[in-house]
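What follows is a single structure, written as structure tokens, with notes after it.
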Amino acid sequence: MAGANLYREYMKICSVWRADPVRSGKCLGEYVRRRVAEEFRHSEQTVVPDAELCTRRLESLRAVASDRYAKQYPRVSVSSATGLTRAECAKVVVENLHTAEGAEQEKSLLAKLKERLSFKTDTSPPAERRK
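Numbered according to UniProt numbering, the sequence shown spans residues 1 to 131.
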């Protein structure tokens with residue numbers, strides 16, 4: 001494949017993955033776009049030094065984008081070790097990861113100190129004494 005064709009094929013692959021604003025810096029789509037921009041600085045006019053390597057990378061990205069191996073090796077169970085489905089796990093991770101970080105950042109220094117230094121009292125009734 002010539003440089004122009006490789007560039008067009010990489011751009012097709014980039015269109016498969018949307019950029020996830022929540023996972024900035026960790027998103028596969030963002031990473032692929034950044035690497036394509038680095039490799040093809042002059043878009044279609046870029047001279048590719050190792051076309052074979054670029055073609056192998058392109059085929060690997062196509063395999064990931066099309067879920068080739070997920071289709072080739074289907075999972076027997078749709079749940080994880082926790083018993084949750086993939087969608088439920090993703091929801092829990094996103095909710096807990098981002099809300100926990102945000103809640104910690106919103107607390108002031110005084111609130112954090114009060115929380116650490118407060119004496120916790122037991123609200124349960126005292127146990128009966130044995131005679």
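Where is the CB? At the ideal position from N, CA and C, for every residue including glycine.
The structure displayed is predicted, hence computed values, not measured ones.
Item                                                                                                                                                            : Value
Starting from T82, follow its DSSP beta bridges and name the residues at the other end.                                                                         : None; T82 has no bridge partner.
Tell me the rounded alpha-carbon separation between L61 and E88.                                                                                                : 26 Å
Give, in chain order, every unbroken run of the alpha helix (DSSP H) that is at least 4 residues long and sits entirely within the stretch 17-96.               : 28-39, 51-65, 68-72
Quick check: the stretch 54-69 against the stretch 7-26, are at least 3 beta-carbon pairs closer than 8 Å?                                                      : yes
Taking C-beta to C-beta, are L117 and C54 nearer than 9 Å?                                                                                                      : no
Rounded to the nearest angstrom, what separates G29 and D20 at their Cα positions?                                                                              : 8 Å
Rounded to whole angstroms, how far is the Cβ of W17 from the Cβ of V32, which I believe are closer than 8 Å?                                                   : 6 Å
Identify the continuous alpha helix (DSSP H) that holds K114 and give its terminal residues.                                                                    : 109-117
So, for A70: in the same chain, excluding its five sequence neighbours on each side, which residues have a beta-carbon less than 8 Å away from its beta-carbon? : none
Looking at K107 and E115, is the spacing between their C-beta atoms short of 9 Å?                                                                               : yes
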